[in-house]
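Working notes, beginning with the structure itself.
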Amino acid sequence: MSDHITLHVARYRPEKASETTFDAFELPCPKEWVVLDGLNHIKDRMDGTLSYRWSCRMGICGSCGMLVNGEPKLACATFLSDYAPGPVRVEPLRNFPVIRDLVVEMGDFMSKLTRIKPWIVRQVEKPLSDGEYRQTPGELDEYKQFSMCINCMLCYSACPIYGLDPHFIGPAAIALAQRYNLDSRDEGAAERMQILSEHDGIWGCTFVGECTKVCPKHVDPAGAIQRYKLQSAVEWVKAFVLPRAAQ
Amino acid sequence: MYARRPIEPLLWLFFSAGGVMAALFFPAILFLFGIAFPLGWLAPPNYDHLLAVVSHPLTRLVLLGVCSLSLFHWAHRFRYTLYDGLQIKHLNESINAICYGGAVLGTLTAAYLLWKVP
Amino acid sequence: MRHNAVYTPYHPRWHRTRVSTYWWLGRWSYFLFILRELSSIFVAWVVIYLLVLVAAVSKSAVRYQQFLDWSRNPFMLSLNILSLLFIVLHAVTWFNLAPQAMVVHVGGRRLPGSLIAISNYAGLVAVSIVILGLLLIRW
Amino acid sequence: MTPAFDVVLVGGGGAGLRAAIALAEASQRLRIAVVSKVYPMRSHTVSAEGGAAGVISPDDSLDEHCYDTISGGDWLGDQDAIEAFVREAPQELLRLEHWGCPWSREADGRVAVRPFGGMRKMRTWFAADKTGFHMLHTLFQTSLKYTTVVRYDEWFVTKFLVDDGRVQGVIALELATGRIEAITARAVIVCTGGCGKVFPFTTNAAIKTGDGMALAYRAGAPLKDMEFVQYHPTGLPFTGILITEAARSEGGYLINKDGYRYLQDYALGTPQPKPVLRTMELGPRDRLSQAFMKELDKGRTTDTPYGPVVFLDLRHLGEQLINRRLPFVRELCMKYQNIDPVKELIPVRPVVHYMMGGVHTDINGATPLPGLYAAGEVACVSINGANRLGSNSLPELLVFGARAGRAAADYVAGAKDPGTTVVAQLQDEQRRLEADLLQQRGRERIADIRQEMQLTVEESAGIYRTGASLIRSAAKLRELQERARDFRIEDDSRTFNTERIAALELSFMLDVAEAIVTSALRREESRGAHQRTDFPLRDDQRYLAHSLVQRQPDGSCRVDYLPVTITRWPPAERVYGEAPSDERSHYVARGAIPSGEGV
Ligand SMILES: Cc1cc2nc3c(=O)[nH]c(=O)nc-3n(C[C@H](O)[C@H](O)[C@H](O)COP(=O)(O)OP(=O)(O)OC[C@H]3O[C@@H](n4cnc5c(N)ncnc54)[C@H](O)[C@@H]3O)c2cc1C
Ligand code: SF4
Ligand code: F3S
Ligand code: FES
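Chains as they are written, first to last, in our numbering: chain A, 44 to 290; chain B, 228 to 345; chain C, -13 to 125; chain D, 770 to 1368.
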């Protein structure tokens, strides 16, 4: 294994150019280094103008999503040495507008997140003095997986449907809607269903399944969406058979 | 339950049911009639035997279900393939008409043909 | 989203890449996805083929023989081999993905996905045996 | 001039979001802004792993939590604040439960608790080992419900607007566009978190650069107890990624290169197979980190390319427990260290983790500067004293975030509108940020100065400190301040210019570093996390007091002292390793490992 590796980093400088170009950097490649260490090395030692997001360096804040050799990855959880001898191509996440270099615009997701009401909806709030809502480990297990989403946007970047139709609410937001639906404390499933059965909701997804494959936290958004469809269909039938009872 | 009751869940239900039917029934049927019999790996059933099988009411019912649902499966999937693969979502209306209309027409044909089996 | 943002000192121009019409050629997994979706065409074809068979059978023994001859023609044969490949692709992807869409609880416990997939295949085997039995065993 | 908002929150971490919700619930008419340099759910609270302390068990009591916190902080904490904190913590955690936080549960559906370092009862609520992640996402998602909260995501606050002796808003820079705006308000709550990045080796995220401390300091608010910096005993070498204390509270051992549980040599009790509260591995963090340094002196640590290490042994816990209770620990070890804790030892070393000090506030989060409030790690209320106990910080965010929010809501009802100098201040700041920082072509690399600063601070204000090295490093920091005027900034773009941000952050960190070193130099005693080899004993006569660093007009800093509030617990010696016999039997009776199946 060589001790150096070349990174081809996508650059986009809106003031200067209207297209993306690539800069090549030759870097040391100790076995502990992740792609993010490489980028930090570039920023500190070689080219201070490179822009990218990062924070926790431990795969939990969700800032550092980018394409590494075309695959959506967390830069802080992707080892450079896995790509030796290189070269490695680093680009901004696909399917998003690029603000600059490796930084993409994700305001779209933020508004979609709000749309699905990601909070506990209840008819009657239990007063604090009555203590906690009881929830067994089994009930917790029902939604736990979907609560693991770090909003890293890798799934949006992997989903071709989102690429084709930016209005599609998309994998993570729907998984988060499921996270609350399946929570034994929540009563908002019907409200969320209303929103998600619109055109840009669950029906846009054709189960490409890439979202689940790239998810670094094993959230399985693809599963969340299909379960939603099934649920919606079951409710449709119920409402058809028993129009009154379903009210 | 909803003010507007969108049709999408129903279409999806048909699509799914059709997917299951096609996955369960078609491998064997196609293998026999499409490959094994023509290539002589297996001897095809003789006419009377086959007629007896097909004319049984249960067979007809199952075949009708399988055919119809599978056609809806095709309609739904094909519609999205056209949207995504060719990026022609703007032709939405005509695509829908062709796909689901085709499935309905196919279902009627199947019903007619199965009805006519002696 | 601001779709038409242009660059002014405080309004950078965002860079957007349009998805190419051939996006599904870019990655093996996307290509596989499109193949899976295209399998629906072959599903439709099998329905047609089946109905032709039914029509033939309901007419006469001669028509049935004609159907069998027709199916031996090389074009039909290759079409059907191709179709079978797609049908198998459809069945495999369908069965493997089903556990993701379906969560089954038995006695308060969630069944593992692999079990659901396995029962799907068991269903396939059962249905296939019934079809084979009906057509090949003389009674 | 009518301000744009009633209250501006700087920071969207746990404290900031809790304060925002408190404000939104206080009145629907309040216009609230949350300004954060990263999207709120990226804030550093997301990294917290182990848990959040709050008394819920019937066999636990508020007084015991108070006592643990006070003795854990070596009697430097203000006892009135601690009492309020301990009283409100369970309610706050419960509120979070009602908002949907996925706390781990007992088999019957109650919230489960786990033991934690320095705590004599099991009272640490947890969501597996991603407690902070779940708390932050719950708070953030719940905050989306309140339409009166306006978010400024990825806006970097560069200055507080001060006029007429009052804080009247902030000046902030939008990263995506480079736009610089004055966000005026009647009150500002600063919730920007800690400053671990002042040190070279830290568990803290890149964003923890002490911005709020420096901003408040520059605006005229004093910084309190800045010499108290917490080292966490178990960080992974190279990355500094934290292996949560929960790993020890679930039963992990700390061993040296000979496989010996060395903590028994440092007045932390005798080793038992199962964890015993307040002894050995469940001692407080300052003592454990100090024990490491002593092992290092004795040559009983193992050398690695990234410094000396000891080992954390989880192997005897078994795969099942590790997967259920410590999945993230396993994930991190496998991902970043390429070892599996089920089968292998985890190399660990002490790592800078938390800032006990911060902006001086009263029990309601108010600073001496009218209109300025602070909450969370950036603030020093103080409940943590000379050493924070693990799992006290997360509930602190909630309790004092909510308190600061309510206090600010009261304050703005009677506050005056901002004055007219706002415009001039904005123009000055625009000039500084644009003309100076975008056009600056000096000689000094940002990364070089940052690194020199970090090494300087580490060397003098590490786990053990001496007067001589603190004096040297104070001089060095002044030199770095000087050199920092001559930055070379290559990036002249306004769009997402992270180099300009790095320069601003470095200047904040230099101020914070100066405050740390200056107050460490002045405190001539050893207490909690502040250990002076030249003054090895605690000196309640002279230093049972909070240090307050205030900026002088000439830019230098002055240290004053403020008495500690003592209510019911007079200073005593900190004793670990001897759980009273009744407690131990209670603990064993309930089972060392809580019975819950909760993940
Ligand atoms: C790895 C790790 C594990 C931990 N585990 C535990 C634990 O188990 N239990 C426990 O009790 N505590 C734990 N802690 C401590 C605890 O997590 C922190 O003290 C706490 O999260 C700090 O929260 P905060 O809201 O004060 O700040 P943060 O969450 O750090 O938020 C700071 C906010 O301020 C914003 N900000 C900063 N500067 C600016 C600026 N200039 N302009 C605009 N916005 C700005 C940031 O964008 C961010 O939104 C842990 C800490 C670490 C590092
Ligand atoms: S679902 Fe997974 S990939 Fe998508 S944003 Fe969440 S964590 Fe990232
Ligand atoms: S990749 Fe996209 S199409 Fe659906 S299954 Fe995932 S959201
Ligand atoms: S830096 Fe936080 S996820 Fe990578």
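Every residue gets a Cβ at the ideal spot worked out from N, C-alpha and C, and that includes glycine. Every value quoted in this text rests on a predicted model; they were computed, and no experiment measured them.
Beta-carbon contacts of A/Leu225 that lie in its chain and below 6 Å, excluding the five residues immediately before and after | Glu185 and Tyr186
What residues does ligand 3 have around it, judged by CB closer than 7 Å to any heavy atom, in chain order?
-> A/Cys198, A/Ala201, A/Cys202, A/Pro203, A/Ile204, A/Tyr205, A/Gly213, A/Pro214, A/Cys248, A/Thr249, A/Phe250, A/Val251, A/Gly252, A/Glu253, A/Cys254, A/Thr255, A/Pro264, A/Ala265 and A/Ile268
For B/Ala244, which residues of its own chain have a beta-carbon under 7 Å away from its beta-carbon, when the five flanking residues on both sides are left out?
-> Leu296
Using Cβ-Cβ distances below 7 Å, what residues of the stretch 77 to 98 of chain C are close to chain A?
-> Leu83, Gln86, Ala87, Met88, Val89 and Gly94
Nearest to B/Lys316 by CA position, among A/Pro140, A/Ser172 and A/Leu207, is which residue?
-> A/Leu207
Enumerate in chain order the residues of its own chain whose CB-to-CB distance from A/Val146 is below 8 Å, with the five nearest sequence positions on each side excluded.
-> Ser94, Tyr95, Arg96 and Pro135
Neighbourhood of D/Leu1275 by C-beta distance below 7 Å, restricted to the same chain and skipping five residues each side = Ile1215, Ile1218, Arg1219 and Ala1253
Measure the C-alpha to C-alpha separation of D/Pro1363 and D/Val882 and round it to an integer number of angstroms.
-> Since pLDDT at D/Pro1363 reaches only 38, below the 50 mark, its modelled position is unreliable, and the value read off the structure follows with that caveat. Each residue's Cα considered, the two are about 7 Å apart.
Residues of its chain near D/Glu1064, where Cβ-Cβ distance is below 8 Å and the 5 sequence neighbours each way are ignored | Asn1025, Tyr1031, Thr1070 and Val1079
Regarding A/Gly102 and ligand 4, is the C-beta to nearest heavy atom distance less than 6 Å?
-> yes
Going straight from the alpha carbon of D/Gly1367 to that of D/Leu1331, what length do you get?
-> Any reading at D/Gly1367 must be qualified, since the residue scores a pLDDT of 35, below 50, and its modelled position is unreliable; no value is offered.
Cβ pair count under 8 Å reaching 3, the stretch 809 to 828 of chain D against the stretch 932 to 941 of chain D = no
C/Asn(-10) CB to nearest chain D CB: under 7 Å?
-> The pLDDT assigned to C/Asn(-10) is 41, lower than 50, so where the model puts this residue is not dependable, and the model offers no usable value.
Thinking C-alpha only, which one of D/Arg864, D/Cys870, D/Arg1200 and D/Met891 is nearest A/Ser172?
-> D/Arg864
For A/Cys248, which residues in chain D fall below 7 Å Cβ to Cβ?
-> In chain order: nothing, as chain D lies at least about 22 Å away.
Within the same chain, show all residues whose beta-carbon is closer than 6 Å to that of B/Ala330, passing over the 5 residues directly before and after it, in chain order.
-> Leu298, Phe299 and Ala302
Output the distance between the C-alpha atoms of B/Leu238 and B/Met248, rounded to the nearest integer angstrom.
-> 15 Å
Own chain residues within Cβ distance below 7 Å of D/Asp1082, not counting five before or after = Gly1021, Tyr1022, Ile1024 and Leu1114
Rounded C-alpha distance that separates A/Tyr271 from C/Tyr8 | 30 Å
Beta-carbon proximity of A/Val77 to A/Asp66, cut-off 7 Å | no
Give a yes or no on contact between the stretch 778 to 796 of chain D and the stretch 952 to 972 of chain D, applying the rule of three or more CB pairs nearer than 8 Å.
-> yes
Output the residue ranges of the beta strand (DSSP E) runs that lie fully inside the stretch 128 to 207 of chain A and measure 3 residues or longer, sorted by chain position.
-> 131 to 134 and 141 to 143
According to the Cβ coordinates, are D/Tyr1035 and D/Ala1016 closer than 7 Å?
-> no
Could you give the DSSP three-state label for B/Thr286: helix, strand or coil?
-> helix
Sequence-distant residues of its chain with Cβ nearer than 8 Å to B/Gly292 (five each side left out) | Met248
Inter-residue Cα distance where the pair is D/Val1097 and D/Lys899 = Before going on, a small fix: residue 1097 of chain D reads as Phe here, not Val. Roughly 7 Å separates the two Cα atoms.
Out of D/Val1328, D/Ile976, D/Gly1297 and D/Ile1335, state which residue places its alpha-carbon closest to the alpha-carbon of D/Val998.
-> D/Gly1297
Do we get a CB-CB distance below 7 Å when we pair A/Tyr55 with the residues of chain C?
-> yes
Contact under 7 Å by Cβ, D/Thr1235 with D/Thr1287 | no
Answer with yes or no whether the minimum CB distance from B/Trp187 to chain A is below 7 Å.
-> Because chain B here runs from 228 to 345, residue 187 of chain B falls outside it and cannot be looked at.
How long is the line joining the alpha carbons of B/Ala338 and A/Ala120, rounded to whole angstroms?
-> 57 Å
Run through DSSP, which three-state label would C/Arg95 get?
-> strand
Can we say the stretch 158 to 171 of chain A touches the stretch 898 to 916 of chain D, given the rule of at least three CB pairs closer than 8 Å?
-> yes
D/Arg1099: which of D/Ile1285, D/Leu1011, D/Val776 and D/Phe854 sits nearest, CA to CA?
-> D/Leu1011
With 8 Å as the limit, tell me which residues of the stretch 217 to 242 of chain A have their beta carbon closer than that to any beta carbon of chain D; keep them in chain order.
-> Leu219, Tyr223, Asp226, Arg228 and Asp229
So is D/Arg948 in contact with chain C if we call contact Cβ pairs under 7 Å?
-> yes
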